[in-house]
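Data block below; observations after.
Numbering (full-length UniProt numbering), first residue to last: 1 to 270.
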């Protein structure tokens, strides 16, 4: 029996245990199954097991057991890699611009954008409000454009004080086109859309109608539209129209182009 119990089994630091490193089973990592000797690259996972493919294209599944694989001849425990977080979709403003988080509105610049009335201003705010606040550009409604040239002179536009004006029904030969022709300052950009009123710049499909009603000449356009759609008060119809506009996709292209030109103009460095 001599020597059967030679040596002290408790000698040394018996509390220390050999730790097998854990390794992420990333694609193309080449390992060997310790039991079978099958060597291959990681190509995926099935039912909780790692799938290895050898150089002949043969595939086998192996459970992810502790110390079950050899990496460069050393035992390792393979683990399934944590999934990479899916990047959040980039949020966009109603105008289609990329939204900037944690950015405060700038102090209002001297430059301005004028629109013909409160309805125009509300629609512009609905779509371009976020962009304009970041740029520090204020939109101001006018009471029509009959005195536009005089109001522009009073504004005193200059290199660091630009003015953009959005005009309804800006088409050749119209009253509006003759008024606009009197504004000649290089620091003022007047542009617009062809619609009789900014209401008409909202796409009919956004309102659930096939087309805007045709109003006979000589009748106020808004009143004619309300009568055709069976709405008593223009204010009621306008609230409905505005509520159906969520983004630039709900308005016609000429209005979008006009507003984008004005924003570029008044935010261009002096």
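Just so you know, even glycine gets a beta-carbon here, dropped at the ideal spot from N, CA and C.
Can you give the Cα-Cα distance for residue 214 and residue 141, rounded to whole angstroms?
Straight-line Cα distance between these residues: approximately 27 Å.
For the beta strand (DSSP E) holding residue 77, just list the boundary residues, first then last.
Boundaries of the beta strand (DSSP E) around residue 77: 74 to 79.
Would DSSP call residue 59 helix, strand or coil?
Strand.
Those residues which DSSP pairs with residue 166 across a bridge
Partner(s): 115, 191.
Count the CB pairs spanning the region 161 to 177 and the region 208 to 228 that are closer than 8 Å, and state whether there are at least three.
Contact check between the region 161 to 177 and the region 208 to 228: fewer than three CB pairs, one atom from each, fall below 8 Å, which does not count as touching.
Rounded to whole angstroms, what's the CA-CA distance from residue 259 to residue 24? Just pull it up for me.
Residue 259 and residue 24 have their C-alpha atoms spaced approximately 53 Å apart.
Mark residue 228 as exposed unless 16 or more other C-beta atoms lie within 10 angstroms of its C-beta, in which case mark it buried.
Exposed.
Alpha carbon to alpha carbon, how far is residue 206 from residue 244? Give it in angstroms, no decimals.
About 6 Å.
Looking only at C-alpha atoms, which of 73, 247, 193, 44 sits nearest to residue 37?
For residue 37, the closest alpha carbon among the candidates 73, 247, 193, 44 is that of 73.
Helix, strand or coil for residue 159? Go by DSSP, reduced to three states.
The answer is coil: DSSP assigns residue 159 none of H, G, I, E or B.
Three-state secondary structure assigned by DSSP to residue 232:
Residue 232: coil per DSSP, three-state reduction.
Under the three-state reduction of DSSP, which class applies to residue 137: helix, strand or coil?
Correct three-state label for residue 137: coil.
Within a Cβ cutoff of 6 Å, which residues of the same chain sit near residue 193, ignoring the five residues on either side of it in sequence?
For residue 193, where only same-chain residues beyond five positions count, the Cβ hits under 6 Å are 201, 254, 255, 258.
Could you tell me whether the Cβ atoms of residue 43 and residue 66 are closer together than 9 Å?
Taking a C-beta distance under 9 Å as the contact criterion, residue 43 and residue 66 do not qualify as a contact pair.
Neighbourhood of residue 109 by C-beta, 7 Å cutoff - its chain only, sequence neighbours within 5 removed:
Closer than 7 Å at the Cβ level, and outside the excluded window around residue 109, lie 136, 137.
Stretch-stretch touch, CB-based, cutoff 8 Å, three pairs: the region 147 to 157 with the region 119 to 133
Flag = no, the region 147 to 157 and the region 119 to 133 do not touch.
C-beta atoms of residue 223 and residue 216 nearer than 9 Å
Note that the C-beta distance between residue 223 and residue 216 is not below 9 Å.
For residue 268, write down the residues that DSSP places opposite it in a beta bridge.
Secondary-structure assignment with DSSP links residue 268 through no beta bridge to anything.
According to the neighbour-count rule (16 or more other Cβ atoms, all chains shown, within 10 Å of its Cβ), is residue 172 buried or exposed?
In this structure residue 172 is exposed. Its beta-carbon is surrounded by fewer than 16 other beta-carbon atoms within 10 angstroms.
Comparing C-alpha positions only, which one of 176, 219, 238, 22 sits nearest to residue 82?
Ranked by Cα distance from residue 82, the options 176, 219, 238, 22 are led by 22.
Assign residue 118 to one of two classes, buried (16 or more other C-beta atoms within 10 Å of its C-beta) or exposed (fewer than that).
Label assigned to residue 118: exposed.
Reference residue 48; option with closest CA among 57, 63, 59:
The residue from 57, 63, 59 with its alpha-carbon nearest to that of residue 48 is 63.
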